[in-house]
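Report on the following structure.
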Amino acid sequence: MPRMATPAMHALPFALAIGAALAQAEPVPVLDDSTFRTLWLKIVPSEDELAWRRIAWLGTLGEGVVAAQAADKPILLWAMNGHPLACT
Amino acid sequence: MQALAARFVAVADEVSRLQRDSDAECRFFQGFCEQGHYGGRTKPSNTRQGIYAVTATGAFLASINTRDAGEMAKMLQQALAKFEAMPREQRSGAAPALDPTAIQRFERHFPADGLVLRAYSRDVSRVKATPGWRGSAWNQDHAWFRRAEVASFVPAAELGARVAMPAALLQRFVRAHFVDNVRGQTFAHQPENVVEAALTLTCDALDGDNQMLLLEGKVRIQRSGTWATRGYGPHSEQQLGYDGKLLGAARFDRARGVFTTFQLLAIGERRGATEFNGRDDDFGPAPLAFAFELAPADAPPVAPSMHWVYGWK
Chain U
86 MPRMATPAMH
96 ALPFALAIGA
106 ALAQAEPVPV
116 LDDSTFRTLW
126 LKIVPSEDEL
136 AWRRIAWLGT
146 LGEGVVAAQA
156 ADKPILLWAM
166 NGHPLACT
Chain Y
3 MQALAARFVA
13 VADEVSRLQR
23 DSDAECRFFQ
33 GFCEQGHYGG
43 RTKPSNTRQG
53 IYAVTATGAF
63 LASINTRDAG
73 EMAKMLQQAL
83 AKFEAMPREQ
93 RSGAAPALDP
103 TAIQRFERHF
113 PADGLVLRAY
123 SRDVSRVKAT
133 PGWRGSAWNQ
143 DHAWFRRAEV
153 ASFVPAAELG
163 ARVAMPAALL
173 QRFVRAHFVD
183 NVRGQTFAHQ
193 PENVVEAALT
203 LTCDALDGDN
213 QMLLLEGKVR
223 IQRSGTWATR
233 GYGPHSEQQL
243 GYDGKLLGAA
253 RFDRARGVFT
263 TFQLLAIGER
273 RGATEFNGRD
283 DDFGPAPLAF
293 AFELAPADAP
303 PVAPSMHWVY
313 GWK
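One line per chain: the protein sequences are U and Y, in this order. If you read the first sequence in this note's numbering, its first letter stands for residue 86, the second for the next number, and so on. If you read the second sequence in this note's numbering, its first letter stands for residue 3, the second for the next number, and so on.
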């Protein structure tokens with residue numbers, strides 16, 4: 086004869102599933118007036134992360150061709166899937 | 003590296019258009035890219051992305067695709083040696099090889115008198131550490147608003163005056179810029195994926211022509227469909243989403259009709275992965291943040307990466 090399941094037994098898989106979900110969840114930081122500054126500084130890139138901006142990149146190859154011809158310099162072209170100065 | 007780079011005219015550009023389209027700028031690129039590091043390659047993709055050194059006449063000097071500074075310096079030195087061995091007329095020509103003003107790029111819509119924001123995305127407060135560059139990855143983009151659009155979401159110069167960003171404008175902003183591109187490119191959201199979005203601007207201080215604004219809002223994105231979650235991988239049923247809170251502050255100069263400061267932060271929870279966004283082992287849910295700040299006036303006018311969402315013709 087099959088053993089009757091108690092309410093607690095029915096709840097067990099559900100509780101385990103919730104527990105697993107909670108264990109995997111990563112808390113979202115609270116965003117309010119008191120946390121804004123700290124969070125802002127964590128998100129916006131640091132000077133070190135933006136070191137590449139110290140090079141005066143032009144944003145289009147065409148501009149580079151004109152500038153290089155005028156200056157008699159070679160072109161250094163950084164060409165990526167997604168504009169390197171936007172999103173790549 | 004900076005000293006070496008200063009001996010070149012440094013240019014950054016998007017390679018897909020350059021290798022696909024047929025205007026003078028694209029033809030210029032296509033004239034040398036097959037001589038580079040990915041020349042002739044078709045798998046895993048036909049991309050020609052990388053770093054090239056060429057002359058203003060389109061002569062190939064050297065190329066590489068690397069993050070190694072030493073390898074990069076070596077390539078640049080080789081390129082300089084070749085360049086300097088060429089006669090001036092051969093390497094630079096008597097006139098520019100193309101006229102960039104004749105090329106119809108999206109940058110022609112640059113809203114110099116409107117609002118140009120730098121957009122950043124980054125994971126925040128992760129509990130699970132991800133090794134390597136992916137653990138500290140961030141990405142960037144640009145968000146554009148025309149002057150008339152700006153006027154539509156600036157409240158009256160009265161304390162407490164409040165305006166909600168018009169729905170169509172906010173939807174465009176969310177579709178193109180609240181995307182999980184932290185570790186790599188992803189796709190724009192469709193209009194129906196923006197389940198909820200609100201952004202209000204409230205006048206909370208006045209100082210002569212300057213109006214201090216409080217920005218508050220929320221965004222909820224939900225998308226389901228069939229796509230790959232790793233590069234060139236199989237397609238399967240997927241879901242992604244983002245639920246975020248928005249908070250920020252800005253200063254608007256009413257005399258000039260421009261923002262002089264702008265900081266908007268979004269913190270929320272993301273879910274899911276797309277083919278090239280590097281989340282194939284990190285579907286979440288996990289915290290994700292977006293930050294938007296005023297771009298400096300002298301920054302290069304680089305178009306929003308998903309500018310087709312803007313619908314500007």
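We put the beta carbon where it would ideally sit given N, CA and C, even for glycine.
Contact set between residue i and chain Y, taken where Cβ atoms lie within less than 7 Å
i	result
U/Glu132	Neighbours of U/Glu132 on chain Y: none; closest Cβ ~14 Å, over 7 Å.
Buried versus exposed call for residue i [16 or more other C-beta atoms within 10 Å across all chains shown]
i	result
U/Lys158	buried
Y/Tyr312	buried
U/Ala108	Low per-residue confidence applies at U/Ala108: pLDDT is 45, beneath 50, and the placement is therefore not dependable, though the value from the model is reported in the following sentence. Exposed, by the Cβ-count rule.
Y/Ser65	buried
Y/His237	exposed
Y/Asn1	Here chain Y covers residues 3 to 315 and nothing more, so residue 1 of chain Y does not appear.
Y/Gly233	exposed
Y/Gln187	buried
Per-residue contacts from residue i into chain U (C-beta, under 7 Å)
i	result
Y/Asn141	Cys172
Y/Thr247	According to the sequence shown, residue 247 of chain Y is Lys rather than Thr. Under the 7 Å cutoff, chain U gives Leu116.
Y/Glu269	Contrary to the premise, residue 269 of chain Y reads as Ile rather than Glu in this sequence. Val113, Pro114, Leu116, Leu124, listed in chain order.
Y/Ser18	Asn166
CB contact below 8 Å: residue i versus chain Y
i	result
U/Leu107	Low local confidence applies: a pLDDT of 46 at U/Leu107 is under 50, so the model's placement there is unreliable, with the coordinate-based value given in what follows. Chain Y, which has no Cβ nearer than 8 Å to the Cβ of U/Leu107, makes this no.
U/Glu123	The displayed chain sequence assigns Thr, not Glu, to residue 123 of chain U. No, U/Thr123 does not count as interfacial toward chain Y.
Test: residue i CB closer than 8 Å to a CB of chain U
i	result
Y/Ile53	yes
Y/Val304	yes
Y/Lys220	no
Y/Lys130	yes
Y/Leu117	no
Y/Val56	yes
Y/Gly95	yes
Y/Ser307	yes
Y/His111	no
Y/Gln187	yes
Y/Pro287	yes
Proximal chain U residues relative to residue i, where beta-carbon distance stays under 9 Å
i	result
Y/Phe30	Leu146, Gly147, Val150
Y/Tyr122	Ile128, Val129, Pro130
Y/Arg90	Asp157
Y/Ala362	Given a span of 3 to 315 for chain Y in the structure shown, any question on residue 362 of chain Y remains unanswerable.
Proximal chain U residues relative to residue i, where beta-carbon distance stays under 8 Å
i	result
Y/Gly259	Result: empty, since nearest Cβ-Cβ is about 25 Å, beyond 8 Å.
Y/Asn183	Cys172
Y/Leu217	Residues of chain U passing the Cβ test: none, with the nearest at roughly 11 Å.
Residue i CB to nearest heavy atom of the ligand NAP below 7 Å
i	result
Y/Thr49	The ligand content of the structure shown is nil, which means the ligand NAP is not present either.
Report task. Mind the definition here: the region 281-288 of chain Y touches the region 247-262 of chain Y only if three or more C-beta pairs lie below 8 Å; say whether that holds. Result -> no
Report task. Mind the definition here: the region 131-139 of chain Y touches the region 152-161 of chain Y only if three or more C-beta pairs lie below 8 Å; say whether that holds. Result -> no
Query raised in the report: Using 8 Å as the Cβ pair cut-off and three pairs as the minimum, do the region 266-279 of chain Y and the region 83-99 of chain Y touch?
Result: no
Query raised in the report: Of all the beta strand (DSSP E) runs that stay within the bounds of the region 249-296 of chain Y, which reach a length of 3 or more residues?
Result: 260-273, 288-296
Query raised in the report: Within the chosen definition, does the region 32-39 of chain Y reach the region 209-226 of chain Y through at least 3 CB pairs nearer than 8 Å?
Result: no
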